[in-house]
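Comments concern the structure below.
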Amino acid sequence: MGGAVFLDLLLARYRRTVVTAELVGHVGWISRLVAIGLLILWISGIGFLLLYQVTEPQKLMNPKIWAKVTIVAILSINGLAIHRLVLPFLRQRIGHQLLSGINGRTKTALISCGVISAVSWTAPVVLGAVPQLNFVVPCTVILATYALVLVQAFLIATFVLRDAAGREASLSDLSDGIEEQPLHHAAPAT
Numbered sequence: 004m005g006g007a008v009f010l011d012l013l014l015a016r017y018r019r020t021v022v023t024a025e026l027v028g029h030v031g032w033i034s035r036l037v038a039i040g041l042l043i044l045w046i047s048g049i050g051f052l053l054l055y056q057v058t059e060p061q062k063l064m065n066p067k068i069w070a071k072v073t074i075v076a077i078l079s080i081n082g083l084a085i086h087r088l089v090l091p092f093l094r095q096r097i098g099h100q101l102l103s104g105i106n107g108r109t110k111t112a113l114i115s116c117g118v119i120s121a122v123s124w125t126a127p128v129v130l131g132a133v134p135q136l137n138f139v140v141p142c143t144v145i146l147a148t149y150a151l152v153l154v155q156a157f158l159i160a161t162f163v164l165r166d167a168a169g170r171e172a173s174l175s176d177l178s179d180g181i182e183e184q185p186l187h188h189a190a191p192a193t
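In the numbering used here, the protein residues as written are 4 to 193.
Right under this line is the structure:
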């Protein structure tokens, strides 16, 4: 989870700077660690499901468990999208600003992958830390809340990136409109 959140924050930070081969190398290295973490998450989760099946089958009726499994499945699909689409895109951006000059559809896809990553790594941790939800809240309510958080996070990220792009464009327009003017000194009064 830490690696995934670090990558999301790193890319958000570097969205306005030129992508370097060094940055792409760091992102590739950390993303491999995140993939290993996701694999470990699946192995441990399946291990718990098998343990529950053998020792306490009633725990498999906990809707929270199935919500977590669904969220981790979404996280896994998003991870595939990141490795197949986002990382190659990042390599193509070496020498260019990350989000500069790309179409809205591509920007939306990048924001979506980042938001799904951040929310989906956090959600299972939060669900695991709140035992009060066990056998109380239906899976559909948990997943609806998850979906609502995804939508809110996407809107916030889109607004922040749009606002940042708008400020950059305004500053660029302002600096383009200002030409160097020689200083005129008033003639001394006689």
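All C-beta atoms, glycine included, are put in the ideal place defined by N, C-alpha and C.
Values in this document were obtained by computation on a predicted structure and should not be read as measured data.
Identify whether Ile97 lies in helix, strand or coil by the three-state DSSP scheme. Along the sequence shown, one-based indexing puts residue 97 at 94. It is a strand residue.
I need the boundaries of the alpha helix (DSSP H) containing Arg18, first residue and last residue. Against the sequence shown, residue 18 aligns to sequence position 15. Taken as a continuous stretch (DSSP letters only), Arg18 belongs to no alpha helix (DSSP H), as it is neither H nor E.
Kindly indicate which three-state DSSP category Gly104 falls into: helix, strand or coil? Mapped onto the sequence shown, residue 104 falls at position 101. Residue state, collapsed to three classes: coil.
In the structure shown, what three-state DSSP assignment does Pro141 receive? Stepping through the sequence shown from its first residue, residue 141 is reached at position 138. Three-state result, Pro141: coil.
In whole angstroms, what separates the C-alpha of Phe162 from that of Lys62? Translated into the one-based positions of the sequence shown, residue 162 becomes position 159. Translated into the one-based positions of the sequence shown, residue 62 becomes position 59. Cα-Cα distance, rounded: 41 angstroms.
Find out if the Cβ-Cβ distance for the pair Gly98, Val21 is shorter than 9 angstroms. Against the sequence shown, residue 98 aligns to sequence position 95. Against the sequence shown, residue 21 aligns to sequence position 18. Taking 9 angstroms as the Cβ cut-off, Gly98 and Val21 qualify as a contacting pair.
On a Cα-Cα basis, can you pick out the residue from Leu136, Ser103, Gly104 and Leu88 that is closest to Ser115? On the sequence shown, position 112 is the one that residue 115 refers to. For the residues Leu136, Ser103, Gly104 and Leu88, the minimum Cα distance to Ser115 belongs to Leu88.
By the three-class DSSP mapping on this structure, what secondary structure does Glu25 have? On the sequence shown, position 22 is the one that residue 25 refers to. Here Glu25 sits in helix by DSSP.
Buried versus exposed, by CB contacts within 10 Å (16 or more), Gly82: As a first step, residue 82 must be located in the sequence shown, where it is residue number 79. It is buried - the Cβ of Gly82 has at least 16 other Cβ atoms within 10 Å.
Here's the rule I'm using: 16 or more other beta-carbon atoms within 10 Å means buried, otherwise exposed. How should Pro127 be labelled? Within the sequence shown, numbered from 1, the residue matching residue 127 stands at position 124. It is buried - the Cβ of Pro127 has at least 16 other Cβ atoms within 10 Å.
Is it buried or exposed for Trp3, if we count other Cβ within 10 angstroms and need 16 for buried? Absent from the structure is residue 3, since the part of the chain shown begins at 4 and ends at 193.
Classify Met64 as helix, strand or coil using the three-state DSSP reduction. As a working note, residue 64 is residue 61 in the sequence shown. The answer is helix: DSSP assigns Met64 an H, G or I state.
If you run the structure through DSSP and keep just helix, strand and coil, what is Val133? As a position in the sequence shown, residue 133 is number 130, starting the count at 1. Val133 falls in the coil class under three-state DSSP.
Report, in whole angstroms, the separation of the C-beta atoms of Ser79 and Asp11, which I expect to be a contact under 8 angstroms. The residue labelled residue 79 in the question sits at position 76 within the sequence shown. The residue labelled residue 11 in the question sits at position 8 within the sequence shown. Contact flag wrong, Cβ pair sits at about 17 angstroms.
Quick check on DSSP: helix, strand or coil for Ala172? Counted from its first residue, the sequence shown places residue 172 at position 169. Low local confidence applies: a pLDDT of 47 at Ala172 is under 50, so the model's placement there is unreliable, and no value is given.
Taking only three categories from DSSP, how would you classify Thr193? Indexing the sequence shown from 1 puts residue 193 at position 190. Only weak support exists for where Thr193 lies, its pLDDT of 46 falling under 50; the value from the coordinates is given anyway. Correct three-state label for Thr193: coil.
For Asp11, which of helix, strand or coil comes out of DSSP? For the purposes of this step, residue 11 is identified with residue 8 of the sequence shown, where counting begins at 1. Correct three-state label for Asp11: helix.
Spatial neighbours of Leu14 within its chain, please: CB distance less than 6 angstroms, with the 5 preceding and 5 following residues excluded, ordered by chain position. Within the sequence shown, residue 14 is the residue found at index 11, counting from 1. Correct list: empty, nothing qualifies.
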